[in-house]
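Chemist:
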Amino acid sequence: MPRGVVEVVVAVALGLAASARADVYSFRDRKGVVVYTNVPAVPASRLVFKERPLPPAAPMLVPGRRWLPELMSRPLPRADATVYDGLIREIADRHGVEYALVKAVIKAESDFDRTAVSRKGALGLMQLMPQTAAFHQVRNVFLPRDNIEGGCRHLRMLLDRYGGNLPLVIAAYNAGTQRVEDAGGVPPIAETREYLARVLRYRAAYLGAGSGVLAAGR
Numbered sequence: 324m325p326r327g328v329v330e331v332v333v334a335v336a337l338g339l340a341a342s343a344r345a346d347v348y349s350f351r352d353r354k355g356v357v358v359y360t361n362v363p364a365v366p367a368s369r370l371v372f373k374e375r376p377l378p379p380a381a382p383m384l385v386p387g388r389r390w391l392p393e394l395m396s397r398p399l400p401r402a403d404a405t406v407y408d409g410l411i412r413e414i415a416d417r418h419g420v421e422y423a424l425v426k427a428v429i430k431a432e433s434d435f436d437r438t439a440v441s442r443k444g445a446l447g448l449m450q451l452m453p454q455t456a457a458f459h460q461v462r463n464v465f466l467p468r469d470n471i472e473g474g475c476r477h478l479r480m481l482l483d484r485y486g487g488n489l490p491l492v493i494a495a496y497n498a499g500t501q502r503v504e505d506a507g508g509v510p511p512i513a514e515t516r517e518y519l520a521r522v523l524r525y526r527a528a529y530l531g532a533g534s535g536v537l538a539a540g541r
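Residue numbers for the sequence shown, in this note's numbering: 324 to 541.
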């Protein structure tokens with residue numbers, strides 16, 4: 324992807340983002356590339372987002388279960404192998420995140436397309452929004468190692484926040500923590516519920532068994 328296109332996409336996405344969760348700064352490096360970071364790395368850094376702290380997560384958040392079995396009842400997808408499997412396993416293990424979960428998120432987000440750009444401005448394999456990538460210090464969102472590193476850090480943060488409750492973690496990855504906490508569980512958003520079921524189905528396929536998935540978030 325041409326450098327100018329990447330910069331435009333990032334800038335537009337930053338301009339549309341309304342719920343940043345950390346300070347985000349930008350500066351132009353010696354090669355003229357716009358870099359986003361969560362700290363003012365150079366004196367010329369410009370603040371583009373100011374953190375708005377969220378309240379702590381409620382101690383007990385239980386997602387609704389009535390709609391999930393129906394969405395989960397579809398046949399399991401094929402557990403496809405990819406060139407990124409070794410990289411996913413390495414980075415997931417380092418952050419203490421389940422390999423099958425990380426691979427399932429990548430499958431659902433980009434179908435393993437490292438150059439993917441969504442209409443909302445999410446980027447790369449794990450479809451990181453620019454402010455999320457900056458928060459986790461991802462320098463090149465289109466480099467698989469950097470992108471998976473940032474995605475695993477984000478999943479680790481969500482796992483810690485929600486005590487390992489997978490439905491809440493997956494819903495927050497898709498819709499954001501604010502919507503999850505406002506709803507007191509998985510928000511009643513059709514896209515988010517479909518996404519949750521899809522990720523759980525992919526995860527089950529990558530684990531090699533479909534049983535026990537609904538109990539994973541209890």
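Cβ atoms here follow ideal geometry from the backbone N, Cα and C, with glycine treated the same way.
Provide the residue span of the alpha helix (DSSP H) that contains GLY473, from first to last.
Modeler: On the sequence shown, position 150 is the one that residue 473 refers to. Where GLY473 is concerned, the enclosing alpha helix (DSSP H) stretches over 467-484.
Chemist: For ASP469, count neighbouring C-beta atoms within 10 Å of its own C-beta (all shown protein chains included) and say buried if the count is 16 or more, exposed if not.
Modeler: Stepping through the sequence shown from its first residue, residue 469 is reached at position 146. Per the 10 Å Cβ criterion, buried.
Chemist: Taking 8 Å as the cut-off, is the beta-carbon of VAL464 closer than that to any non-hydrogen atom of the ligand ATP?
Modeler: Among the components modelled here there is no ligand, and therefore nothing to report on the ligand ATP.
Chemist: Pick helix, strand or coil for ARG401, following the three-state DSSP scheme.
Modeler: Counted from its first residue, the sequence shown places residue 401 at position 78. Three-state DSSP puts ARG401 in coil, outside helix and strand.
Chemist: Can you check DSSP and say which residues form a bridge with LEU451?
Modeler: For this step, residue 451 is matched to residue 128 along the sequence shown. Partner(s): LEU446.
Chemist: Applying the criterion that 16 or more other CB atoms from any shown protein chain within 10 Å of the CB defines a buried residue, is SER349 buried or exposed?
Modeler: The count along the sequence shown starts at 1 and reaches residue 349 at position 26. It is buried - the Cβ of SER349 has at least 16 other Cβ atoms within 10 Å.
Chemist: In angstroms with no decimal places, state the Cα-to-Cα distance between ARG521 and VAL509.
Modeler: As a first step, residue 521 is located in the sequence shown; it is residue number 198 there, counting from the start. As a first step, residue 509 is located in the sequence shown; it is residue number 186 there, counting from the start. So the alpha carbons of these two residues sit roughly 14 Å apart.
Chemist: Taking DSSP's pairing of strands, which residues face VAL440 in a bridge?
Modeler: Within the sequence shown, numbered from 1, the residue matching residue 440 stands at position 117. Per DSSP, LEU446.
Chemist: Indicate whether the contact test is met: 3 or more Cβ pairs, each with one atom in the segment 472-484 and one in the segment 406-421, closer than 8 Å.
Modeler: Counting Cβ pairs under 8 Å, three or more are found: they touch.
Chemist: Note the first and the last residue of the continuous alpha helix (DSSP H) segment covering GLN501.
Modeler: The residue given as residue 501 occupies position 178 in the sequence shown. Here the alpha helix (DSSP H) through GLN501 covers 500-506.
Chemist: Thinking SER433 and GLN454 are a contact (beta carbons under 8 Å), I'd like their distance in whole angstroms, please.
Modeler: In the sequence shown, the residue the question calls residue 433 occupies position 110. In the sequence shown, the residue the question calls residue 454 occupies position 131. Contact flag wrong, Cβ pair sits at about 18 Å.
Chemist: Which one of ASN488, GLY474, ARG369 has the shortest CA to CA distance from ILE414?
Modeler: Residue mapping note: residue 414 aligns to position 91 of the sequence shown, counting from 1. The candidate whose alpha carbon is nearest that of ILE414 is GLY474.
Chemist: Name the DSSP beta bridge partners of ARG351, please?
Modeler: Numbered from its first residue, the sequence shown carries residue 351 at position 28. In the DSSP output, where bridge partners are listed per residue, ARG351 has VAL357.
Chemist: Are VAL358 and ARG369 close, meaning C-beta to C-beta below 9 Å?
Modeler: Sequence index remark: in the sequence shown, residue 358 carries index 35 (1-based). Sequence index remark: in the sequence shown, residue 369 carries index 46 (1-based). No; because the gap between Cβ atoms is not below 9 Å, this pair is not in contact.
Chemist: So what does DSSP say about ARG526, is it helix, strand or coil?
Modeler: Locating residue 526 in the sequence shown gives position 203, where the first residue counts as 1. It is helical.
Chemist: Does the distance from the CB of TYR529 to the CB of ALA445 come in under 9 Å?
Modeler: What you label residue 529 is simply residue 206 of the sequence shown in a count that begins at 1. What you label residue 445 is simply residue 122 of the sequence shown in a count that begins at 1. In this structure, ALA445 does not lie closer than 9 Å to TYR529 by Cβ.
Chemist: From GLU472, ASP483, VAL365, pick the residue whose C-alpha is nearest to that of LEU410; which is it?
Modeler: Counted from its first residue, the sequence shown places residue 410 at position 87. Checking every option, the nearest Cα to that of LEU410 belongs to GLU472.
Chemist: Is it right to say GLU504 is buried, meaning 16 or more other beta carbons lie within 10 angstroms of its own, or is it exposed?
Modeler: Here residue 504 is taken as the residue at index 181 of the sequence shown, counted from 1. GLU504 is buried by the Cβ-count criterion.
Chemist: Ordered along the chain, which non-local residues of its own chain (more than five positions away) have a Cβ less than 6 Å from that of LYS430?
Modeler: Position 107 of the sequence shown holds residue 430. Taken in chain order, the residues that qualify are TYR525.
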